[in-house]
Every structure is written in C-alpha cells, then in structure tokens.
Amino acid sequence: MKSVNKSIIAVAVFSALFASLAPAALAANVDAVVTNPTTNGAFFVSGIDGATYDLQKHEGQISALEAGKADVTQVNNVATYAQQIRTDHDNLVKRVTLDEQYDGQAIIKNRDDIATNKANQKIVDNDQNVLISTNGSKADTALQHTTTNQVAVANVQTKQKAQDGVIQTHTTQLANHETRITTLENQNNSRFSAMEKQQNDDRKEYRSGIAGAASIAGLHYVDTDNAIAVGAADFKSEQGYAMGYRHKFAENVAATVSYAGTSDGDSVVAASASLGW
Numbered sequence: 181m182k183s184v185n186k187s188i189i190a191v192a193v194f195s196a197l198f199a200s201l202a203p204a205a206l207a208a209n210v211d212a213v214v215t216n217p218t219t220n221g222a223f224f225v226s227g228i229d230g231a232t233y234d235l236q237k238h239e240g241q242i243s244a245l246e247a248g249k250a251d252v253t254q255v256n257n258v259a260t261y262a263q264q265i266r267t268d269h270d271n272l273v274k275r276v277t278l279d280e281q282y283d284g285q286a287i288i289k290n291r292d293d294i295a296t297n298k299a300n301q302k303i304v305d306n307d308q309n310v311l312i313s314t315n316g317s318k319a320d321t322a323l324q325h326t327t328t329n330q331v332a333v334a335n336v337q338t339k340q341k342a343q344d345g346v347i348q349t350h351t352t353q354l355a356n357h358e359t360r361i362t363t364l365e366n367q368n369n370s371r372f373s374a375m376e377k378q379q380n381d382d383r384k385e386y387r388s389g390i391a392g393a394a395s396i397a398g399l400h401y402v403d404t405d406n407a408i409a410v411g412a413a414d415f416k417s418e419q420g421y422a423m424g425y426r427h428k429f430a431e432n433v434a435a436t437v438s439y440a441g442t443s444d445g446d447s448v449v450a451a452s453a454s455l456g457w
C-alpha cells in the first residue's frame, strides 16, 4: 500500500465534501478559498459568506479513513473526482463571470439605448412643440379670419336688413300704385264705355235726325189753297217719317208746317212761308 501525504488526502476529502455541498453553495452564491498553511501545518478553507473550515480538525477523521482504506486506487479516484469537481467549479465561475460581463454589456447597451431614446424623444418633443406652435399660430390666424368674416357677415346682414326695409317700402308703394292704377283703369274703362255708348247714341241720333230732315225736305204740295203732304227717308240704317200742311192765303202768299218722326224716337218740326210776284 502506497503512502499518501495526509494534507493532500485532507484536501481531496474536503473537496469531495465540498462537492456534495456545491449545489447549495451555488444557490447561495458561495465560493471556497484555501488559505496559506499556518506554522503548525494546518489548513483553513473560508467561503465568501465568511464561514471557515479547519482542515486540521478533520485530519483525525482522515487518518481513520486512511487506516480503513486498503486500496490507494480508491483514494486516487476520490482525488480525481475532487479535481473534476474543482474543474466544474472553475468552469461555473467562468460562466458566471461571462454572464456578468454579458449582463454588464447588456446594461451598457440598455443605457445607450435609453440615452438614444431620450435624445430621439427630445427631438420628437421639439418637433411636436414646433408643430403645436405652428398649429397654434395657424389657429390664431384662422380665428382672426373667422372674426373678420363674422364682422363682414354682420355688415352684410345689416345691409341686407336695410335693403329688406327698402324693398318692403317699395313693395308697399308698388302695391299702392297698383291699387291706384287698377282704380284708374276701372275708371277709364267706365269712361270709355260711357263714351262709346254716348258715341253710339249720338251716331244713331244724328243719323235718324238726318233721315227726319230728309223726309221733311222731300214733302211735295199741290197748288191749291190747302194741301197735305207725307214723306219718308233713310240714312245709314236710320229712318225718318214726315207730314206737312200748306195753306195758300192769296195768289202769291202761302205758308207750310211740317213734322217728322225718327227711328231713334226723336222728332223734327219745321215751318216756312213763301211770297211770290
């Protein structure tokens, strides 16, 4: 049986024990560090959490374990297993370090992104402020135009009301004129009708008068002391009828009286005297 240094065996065994506790240590973020040996040959292992493990304390247990081991190969296997655990632990530490580096880079990138977003947001805010200011100016201009238009509309409405009043006055005057014109037309029509009737009556009267005069003029007497004559005449559809009496006072003195009636209901009377030598 080959002799093995107790300190090495102690380290191997403690590493094996630490390996059994590795999951819990990993969960608690615990790492193990072997301190420098003291003057009396003892070793101490301290964790990040401040816990210390005395290797000398367990040396007796290691001695008992060595006495109970018949095969050095088993111890070598334990050492190999402990070394593998240490290698796995180192790899884990590297992974944690890489993760921390990656997380640090990610944090830096996030910070850069945040700064970029802030800068972009500032640009957007400035653009929005400019747009809001521009829109506000346009809104003010539009409001001024609206106010101007309202004043113009009010002026137009005032003028329209005045024009409506003038139109209403003209309408009233026109209605009055139309009433007067209608009255005048009625009066003129009545006058024209009266004039036309008068003209017709006058026309009939003078035509019948002419017929009556013609009937008197057409009377013819015989040459006796007393004589009677009758006559008739027509003038433009109007008639006249006459009768006359002649008396001879002497051989060379005579007088006549004549009467005529017309179709218009008028009458004509005539008298005459004659003297001969």
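Residue numbers 181 to 457, in this note's numbering, belong to the letters of the sequence shown in order.
Cβ atoms here follow ideal geometry from the backbone N, Cα and C, with glycine treated the same way.
Can the beta-carbon of residue i be found closer than 7 angstroms to that of residue j?
i           : j           : result
residue 419 : residue 438 : no
residue 401 : residue 407 : yes
residue 383 : residue 415 : no
residue 450 : residue 396 : yes
residue 405 : residue 377 : no
residue 421 : residue 389 : no
Can you list, in chain order, the residues of its chain with a C-beta nearer than 6 angstroms to that of residue i? Leave out the 5 residues immediately preceding and following it.
i           : result
residue 423 : 410 and 439
residue 282 : none
residue 207 : For residue 207, the predicted model reports a pLDDT of 42, less than 50, meaning its position is unreliable; a value from the coordinates is still stated below. Around residue 207: no qualifying Cβ.
Measuring alpha carbon to alpha carbon, tell me which residue in the options is nearest residue i.
i           : options               : result
residue 452 : 426, 367 and 445      : 426
residue 447 : 345, 391 and 355      : 391
residue 412 : 359, 404 and 398      : 398
residue 481 : 417, 363, 292 and 332 : Any property of residue 481 remains undetermined from this structure, which presents the chain solely from 181 to 457.
Closer than 8 angstroms by C-beta to residue i: which residues in its own chain qualify, once you throw out the five before and the five after it? Chain order, please.
i           : result
residue 432 : 455, 456 and 457
residue 379 : none
Near residue i, which residues of its chain fall below 7 angstroms by C-beta distance, leaving aside the five closest residues on each side in sequence?
i           : result
residue 445 : none
residue 335 : none
residue 300 : none
Looking at chain C, is there any beta carbon in it that lies within less than 7 angstroms of the beta carbon of residue i?
i           : result
residue 299 : Protein chains in the displayed structure number just one, and chain C is not present.
- Length-filtered (4 minimum) alpha helix (DSSP H) runs lying within the stretch 320-359: Correct list: empty.
- Hey, which unbroken runs of the alpha helix (DSSP H) at 4 residues or more fall wholly within the stretch 372-417? Whole alpha helix (DSSP H) segments, 4+ residues: zero.
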